[in-house]
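Asker: Right, I'll just put the structure down here and ask away after.
Next up, the structure:
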């Protein structure tokens, strides 16, 4: 029957029309595709950071808790942070609510510099460490968990697990990363990291637990979009439990960053 030859084409057209009418969502990208886009965006962001300047305020609160979660000791720091051409400079402006002495500023400056050196060395390159780069992303395996919305923007949700064999390799920081698992929220348009929730998958011991051990870590990182293509680390919250020598350890830390503003780069000297 020649009159039925157009039936399959007509049916296919109806299916396409129905999908449009009902707003059928396009297929989601794979977890590997999302991660590759994140890697590409991290390279662009690193180049942008080297050619721009930014200043902001960073406030850190570290609390030591007792067995009943009551605060036993509390330390606060406020830093003025400037990033110029990819280089970070931090100045301690408040220590436990007071103006710091020159000795305290010097000690803090050394501590910050040592932290940056250690972070850079772990990632195998010179210069300032980025919060998120390819070397860190490659340490984990990913699975797409679905979609969500954060601050009115569509995001992809990924579950991540450490790659097999990483839990006992390298230095202490590497062994810690090899035990973290959790979820990432990734902006669906700009493929920037929006949020991280991470937890310790198995205990970490140092010298067989004689020197120290970590039995619990809960970490949340929140980022915010200042303008198209420009994202900043807004808040970090962490909680850790373990032992140091013969003492129990319960530490809660909150880092908040605000007051972000552009800073012009100094012109090159001929």
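Residue numbers (my numbering): 220 to 489. We treat Cβ as the ideally placed atom computed from N, Cα and C, and that holds for glycine.
Whole angstroms are fine: how far does the CA of residue 399 sit from the CA of residue 438?
Answerer: What you label residue 438 is simply residue 219 of the chain shown in a count that begins at 1. What you label residue 399 is simply residue 180 of the chain shown in a count that begins at 1. Cα to Cα, the separation comes out at about 10 Å.
Asker: Pairs of beta-carbons, one from the stretch 274–294 and one from the stretch 370–379, closer than 8 Å: are there three or more?
Answerer: Touching, no.
Asker: Quick check on this structure: which residue in 401, 327, 397 and 382 has the alpha carbon closest to the alpha carbon of residue 363?
Answerer: Locating residue 363 in the chain shown gives position 144, counting from the first residue. Comparing Cα-Cα distances from residue 363 to each of 401, 327, 397 and 382, the minimum goes to 401.
Asker: If you run the structure through DSSP and keep just helix, strand and coil, what is residue 482?
Answerer: If you number the chain shown from 1, residue 482 lands on position 263. Coil, per DSSP.
Asker: On the three-state DSSP scale, how would you describe residue 305?
Answerer: In the chain shown, the residue the question calls residue 305 occupies position 86. Coil at residue 305, not helix or strand.
Asker: Go through the stretch 384–467 residue by residue and report every complete run of the alpha helix (DSSP H) that reaches 4 residues or more, in order.
Answerer: Counting only runs of 4 or more, we get 391–396.
Asker: Are the CB atoms of residue 448 and residue 409 within a distance shorter than 8 Å?
Answerer: Here the question's residue 409 lines up with position 190 in the chain shown. Here the question's residue 448 lines up with position 229 in the chain shown. A contact, by the Cβ cut-off of 8 Å.
Asker: Are there 16 or more other CB atoms within 10 angstroms of the CB of residue 261, so buried, or fewer, so exposed?
Answerer: As a first step, residue 261 must be located in the chain shown, where it is residue number 42. Looking at its Cβ environment, which holds 16 or more other Cβ atoms inside 10 Å, residue 261 is buried.
Asker: Taking the Cβ atom as the reference point for each residue, do residue 258 and residue 353 lie within a distance shorter than 8 Å?
Answerer: By one-based count along the chain shown, residue 258 stands at place 39. By one-based count along the chain shown, residue 353 stands at place 134. Going by C-beta atoms, residue 258 is nearer than 8 Å to residue 353.
Asker: Distance check for residue 358 and residue 397, CA to CA, integer angstroms please.
Answerer: The residue labelled residue 397 in the question sits at position 178 within the chain shown. The residue labelled residue 358 in the question sits at position 139 within the chain shown. Roughly 8 Å between the two C-alpha positions.
Asker: Go ahead and label residue 287 buried or exposed: buried means 16 or more other beta carbons lie within 10 angstroms of its beta carbon, across all protein chains shown.
Answerer: By one-based count along the chain shown, residue 287 stands at place 68. With fewer than 16 Cβ atoms within 10 Å of its Cβ, residue 287 is classed as exposed.
Asker: Using a Cβ-Cβ cut-off of 8 Å (strictly less than) and excluding sequence neighbours within five positions of residue 368, which residues of its own chain qualify?
Answerer: Position 149 of the chain shown, counted from the start, is the residue given in the question as residue 368. Cβ neighbours of residue 368 beyond the five flanking positions: 374.
Asker: Under the three-state reduction of DSSP, which class applies to residue 325: helix, strand or coil?
Answerer: By 1-based counting over the chain shown, the position of residue 325 is 106. Residue 325 falls in the helix class under three-state DSSP.
Asker: Quick one: measure Cβ to Cβ for residue 315 and residue 295, integer angstroms, because I've assumed they're closer than 8 Å.
Answerer: Stepping through the chain shown from its first residue, residue 315 is reached at position 96. Stepping through the chain shown from its first residue, residue 295 is reached at position 76. Rounded, the Cβ-Cβ distance is 5 Å, consistent with contact.
Asker: Can you check which of these residues, 282, 403, 335 and 318, is closest to residue 308 by C-alpha distance?
Answerer: Taking the first residue of the chain shown as 1, we reach residue 308 at position 89. Of 282, 403, 335 and 318, the residue nearest in Cα terms is 335.
Asker: List the residues that DSSP assigns as beta-bridge partners of residue 266.
Answerer: Position 47 of the chain shown, counting from 1, holds the residue named residue 266. Its beta-bridge partners do not exist; DSSP assigns none.
Asker: Locate the alpha helix (DSSP H) running through residue 356, then write down its first and last residues.
Answerer: Counted from its first residue, the chain shown places residue 356 at position 137. Unbroken alpha helix (DSSP H) run through residue 356: 353–356.
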